[in-house]
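Numbering (the numbering used here), first residue to last: 6 to 265.
Ideal placement from N, C-alpha and C gives every residue a C-beta, glycine not left out.
This one's a predicted model, so the numbers in the text were calculated from it and none came from an experiment.
Shown next, in structure tokens, is the structure this report addresses.
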Ligand SMILES: [Zn+2]
Ligand SMILES: [Zn+2]
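The following block contains the structure:
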């Protein structure tokens, strides 16, 4: 079977209201840099920066009160996660798992197949028993990264580290560290063991050394991920093409059947 290159999904970058739009552009750059490691596939996944996205019908009024319509804006996802955080007694944070859940269930995914990259201003925590996380990402769905811990007292962003973590989380989205692959370890999810690869895990949240080696590699025009991760990514993209190709054959067959 010949499977040709064609658009598979959009990569949508969205952000919490109030986030400096400049940060979205930095995120766009980081994702493009990672996708450049997959020259045969990157054109199948156009990157679009939607900012603090909202549909034109994102609000509705009931009994004189204004509400946010479910799934119709990035802010709805955020407020939903904030409510869960309040219930958990974490007033200044967002529940990342809740964000992830609504991201996965979002009916917009059906109309616009996508990988969502959600950037938040508020700090994230993954579950009740963990203090915080920089971000999370899951294969085939999307990732959430908070800028909170990359900002200094003057609200200046540590661009280098932010990019490393965003690329790492997006790496999970495109299946760079499959379980049972060689040179991986289980440490808060499957991670790469190759030194000089941004898919390594840092249990202490300190990404400085990974960032330094990423930048050193970049100066020498070497990708930020190792050959094993590149191979995993290529496998992931090939599978997507294959599956969508089969889907389009099925749709075509159904269409032909209906037209008879
Ligand atoms: Zn990770
Ligand atoms: Zn790797």
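* To do: Report the rounded CA-to-CA distance for residue 177 versus residue 206, giving the unit in angstroms.
  => Computed Cα separation, rounded: 12 Å.
* **Per-residue DSSP class, three states only, for residue 115** => In the structure shown, residue 115 sits in a helix (DSSP, three-state: H, G or I).
* Would you check whether ligand 1 has a heavy atom nearer than 7 Å to the C-beta of residue 194? => In this structure, residue 194 has its CB closer than 7 Å to one or more heavy atoms of ligand 1.
* To do: Pull up the distance between the alpha-carbon of residue 69 and that of residue 24, whole angstroms please.
  => Approximately 30 Å, taken between the alpha carbons.
* Reduced DSSP category for residue 220 - H, G, I as helix; E, B as strand; rest coil -> Residue 220 falls in the helix class under three-state DSSP.
* According to DSSP, which residues form a beta bridge with residue 99? -> DSSP, once it has assigned bridges, lists 129 as partnering residue 99.
* Asked: Does the pairing of the stretch 186–195 with the stretch 159–172 give three or more beta-carbon distances under 8 Å?
  -> In short, these stretches do not touch, since the Cβ pair count stays below three.
* Which value, in whole angstroms, describes the spacing of the CA atoms of residue 73 and residue 62? -> Answer to the nearest angstrom: the Cα atoms are 9 Å apart.
* To do: Starting from residue 45, follow its DSSP beta bridges and name the residues at the other end.
  => BP columns for residue 45 are empty, so no partner.
* Asked: Would residue 37 be called buried (16 or more neighbouring beta carbons within 10 Å of its own) or exposed?
  -> Flag for residue 37 reads exposed.
* Can we say the stretch 155–162 touches the stretch 127–136, given the rule of at least three CB pairs closer than 8 Å? -> Because the criterion of three Cβ pairs below 8 Å is not met, the stretch 155–162 and the stretch 127–136 do not touch.
* What separation, rounded to the nearest whole angstrom, lies between the Cα atoms of residue 52 and residue 245? -> Residue 52 and residue 245: Cα-Cα distance of roughly 17 Å.
* **Length of the line joining the Cα atoms of residue 28 and residue 186** => The straight-line gap from Cα to Cα measures roughly 33 Å.
* Would you mind stating whether residue 14 and residue 46 have Cβ atoms separated by less than 8 Å? => No, the Cβ-Cβ distance between residue 14 and residue 46 is not below 8 Å.
* residue 40: CB within 7 Å of a non-hydrogen atom of ligand 3 -> Looking for ligand 3 in the displayed structure turns up nothing; the ligands present are ligand 1 and ligand 2.
* To do: State the Cα-Cα distance for the pair residue 188 and residue 236, rounded to the nearest angstrom.
  => Take the alpha-carbon of residue 188 and the one of residue 236: they are about 12 Å apart.
* Asked: With a cut-off of 8 Å, do at least 3 Cβ pairs link the stretch 252–265 to the stretch 207–225?
  -> Contact fails: fewer than three Cβ-Cβ distances are below 8 Å.
* Asked: Can you pull the DSSP bridge partners for residue 150?
  -> Its beta-bridge partners are 124 and 140.
* **Ordered list of alpha helix (DSSP H) runs contained in the stretch 52–79, each at least 4 residues** => Considered as a whole, the stretch 52–79 harbours no complete run of any alpha helix (DSSP H) with no fewer than 4 residues.
* Note down, in chain order, each residue of its chain lying with its Cβ closer than 7 Å to the Cβ of residue 22, except the 5 sequence neighbours on either side. => Excluding sequence neighbours, residue 22 sits near 57 and 80.
* Cβ of residue 230 versus every heavy atom of ligand 2: is any distance shorter than 7 Å? -> Yes; taking the cut-off as 7 Å, the Cβ of residue 230 has a heavy atom of ligand 2 nearer than that.
* For the stretch 158–235, which segments carrying the beta strand (DSSP E) assignment without a break, of at least 3 residues, lie completely within its bounds, in sequence order? -> Taking only runs of at least 3 residues, the beta strand (DSSP E) segments lying wholly in the stretch 158–235 are 189–191 and 195–197.
* Does the Cβ of residue 233 lie closer than 7 Å to at least one heavy atom of ligand 2? -> Residue 233 Cβ: within cutoff of ligand 2.
* Asked: What do you get for residue 41, buried or exposed, if any count of 16 or more other CB atoms within 10 angstroms of its CB means buried?
  -> Of the residues assessed, residue 41 falls on the exposed side of the cut-off, its CB having fewer than 16 other CB atoms within 10 angstroms.
* beta-carbon residue 172 near ligand 2 non-hydrogen atom, thresh 7 Å -> Residue 172 Cβ: outside cutoff for every heavy atom of ligand 2.
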